[in-house]
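Asker:
Protein chains in written order, with the numbering used here: chain A, 969 to 1054; chain B, 3 to 281.
What follows is the structure in structure tokens.
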């Protein structure tokens, strides 16, 4: 599966925290979610995204990088930050 | 300042009421940085116009002669039954607010907040809060020693200048909570807005009637303040780089405080000190 971020009206990062305004809603992104957002300007395969996140943040505890990335991506899709694309 | 048209304008009624004439009165208002013409119509238009002239006294504009400015906003307020006056005044206030907000979308940063301003320095305190949680009560209290700017919507330009919206204070009736009386700030003895009010401090009100007389104050980080305030913005997405504009304002006037309290008199002096004590 590939994912791509939705266009944001604005993205703000202050003091290590990121807020994104998408379709009238402001969302707070964790550091990991902000990285996902920055890496998905174009459609990206989730497995490739997992590799890049593992390189930046290290291996997650208790699950594989792919599983952790799939969970993060699913949450961001649910919140309207990302779209799943073919 | 007062500009109800000197002569009522008689117009033919719509086809549904062929046999009578409607009398309309035009109120010209200047608020939130815009001109707005309110046409009072209906069988009791004169009653409505008279009541609005009193309650909207702080916003009446001379409007530049017989015709208002070409970019003036417009709305109609209709009253047939004088017994519905209070209801129509409340409804008209809400419609005026919506119209002004729509008219400034993309121009001003607009917060659902009350505000008062030091009468000499123009330093202004903006208190952000959802509806029904104390803005009007606090405005009524602080407005005795600071210039009253609004109890509803604070419009802020990109240089921090506030465009006052000194509307009538909307006070809920204890015996009919769905109905608010629209009270003139002049009638309540509130001080006028200074010439050039500027944002000095922003606080987030968190009213808890169970708190007793204690007051809890917490400094918010810029990000926490942004998330606390953003839900009380209007037409934010219309602005250029809206999150940056809001964050820059919060940073420049910070730290933003969250104030938990029960009754307005408990925080009056503390808030007054934030903008220099007042008169």
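Glycine residues also receive a C-beta, built at the ideal position from the N, C-alpha and C atoms.
If we ignore side chains and look at the alpha-carbon of each, how far apart do residue 1019 of chain A and residue 1033 of chain A end up?
Answerer: To locate residue 1019 of chain A, count along the first chain from 1; it is residue 51. To locate residue 1033 of chain A, count along the first chain from 1; it is residue 65. Those two C-alpha atoms are separated by around 7 Å.
Asker: Starting from the beta carbon of residue 243 of chain B, find every residue of chain A whose beta carbon is closer than 7 Å, and list them in chain order.
Answerer: The residue labelled residue 243 of chain B in the question sits at position 241 within the second chain. Per Cβ cutoff of 7 Å: 978.
Asker: Quick one: what's residue 169 of chain B bridged to in DSSP?
Answerer: Start at 1 with the first residue of the second chain, and residue 169 of chain B comes out as number 167. Its beta-bridge partners do not exist; DSSP assigns none.
Asker: Can you list the residues of chain A that residue 249 of chain B reaches, using a CB-CB cut of under 9 Å?
Answerer: Here residue 249 of chain B corresponds to residue number 247 of the second chain, with the count starting at 1. Simply 980, 982 and 987.
Asker: Would residue 214 of chain B be called buried (16 or more neighbouring beta carbons within 10 Å of its own) or exposed?
Answerer: Walking along the second chain from the start, residue 214 of chain B turns up at place 212. Under this definition residue 214 of chain B is an exposed residue.
Asker: In three-state DSSP terms, what is residue 2 of chain B?
Answerer: In the structure displayed, chain B extends from 3 to 281; residue 2 of chain B sits before or after that span and is not available.
Asker: Buried or exposed: which applies to residue 96 of chain B, given that a residue is buried once 16 or more other Cβ atoms fall within 10 Å of its Cβ?
Answerer: Indexing the second chain from 1 puts residue 96 of chain B at position 94. The residue is exposed, with fewer than 16 neighbouring Cβ atoms inside 10 Å.
Asker: How would you write the range of the beta strand (DSSP E) that residue 179 of chain B sits in, first residue to last?
Answerer: Residue mapping note: residue 179 of chain B aligns to position 177 of the second chain, counting from 1. First-last of the beta strand (DSSP E) with residue 179 of chain B: 178–185.
Asker: Which term fits residue 66 of chain B, buried or exposed, when burial requires 16 or more other beta carbons within 10 angstroms of its beta carbon?
Answerer: Your numbering for residue 66 of chain B matches position 64 in the second chain. With a pLDDT of only 49 at residue 66 of chain B, under 50, the local geometry of the prediction cannot be trusted, and no value is derived from it.
Asker: Residue range of the alpha helix (DSSP H) that residue 218 of chain B falls in?
Answerer: Numbered from its first residue, the second chain carries residue 218 of chain B at position 216. From DSSP, residue 218 of chain B is part of no alpha helix (DSSP H) but of the beta strand (DSSP E) over 218–222.
Asker: Please report whether the beta-carbon of residue 236 of chain B lies at a distance below 8 Å from any beta-carbon of chain A.
Answerer: Working through the second chain from its first residue, we reach residue 236 of chain B at position 234. Judged by the 8 Å Cβ criterion, residue 236 of chain B is not in contact with chain A.
Asker: Taking the straight line between their C-alpha atoms, what separation do you get for residue 279 of chain B and residue 88 of chain B?
Answerer: Against the second chain, residue 279 of chain B aligns to sequence position 277. Against the second chain, residue 88 of chain B aligns to sequence position 86. Cα to Cα, residue 279 of chain B sits roughly 36 Å from residue 88 of chain B.
Asker: Three-state secondary structure (DSSP) at residue 61 of chain B?
Answerer: Within the second chain, residue 61 of chain B is the residue found at index 59, counting from 1. DSSP places residue 61 of chain B in helix when its eight states are reduced to three.
Asker: I need the DSSP call for residue 248 of chain B, collapsed to helix, strand or coil.
Answerer: The residue labelled residue 248 of chain B in the question sits at position 246 within the second chain. Correct three-state label for residue 248 of chain B: helix.
Asker: Run down chain A in chain order and give the residues with a C-beta less than 9 Å from the C-beta of residue 229 of chain B.
Answerer: As a first step, residue 229 of chain B is located in the second chain; it is residue number 227 there, counting from the start. Near residue 229 of chain B (Cβ distances below 9 Å), the residues of chain A are 987, 994 and 996.
Asker: So who's on the other strand from residue 193 of chain B, going by DSSP bridges?
Answerer: Mapped onto the second chain, residue 193 of chain B falls at position 191. Answer by DSSP bridge pairing, in chain order: B:149.
Asker: What does residue 246 of chain B reach in chain A if we use C-beta pairs closer than 8 Å?
Answerer: The residue you call residue 246 of chain B lines up with position 244 of the second chain. Per Cβ cutoff of 8 Å: 978 and 980.
Asker: Residue 168 of chain B: which of B:28, B:27, B:36 and B:26 sits nearest, CA to CA?
Answerer: Here residue 168 of chain B is taken as the residue at index 166 of the second chain, counted from 1. Answer by Cα proximity: B:36.
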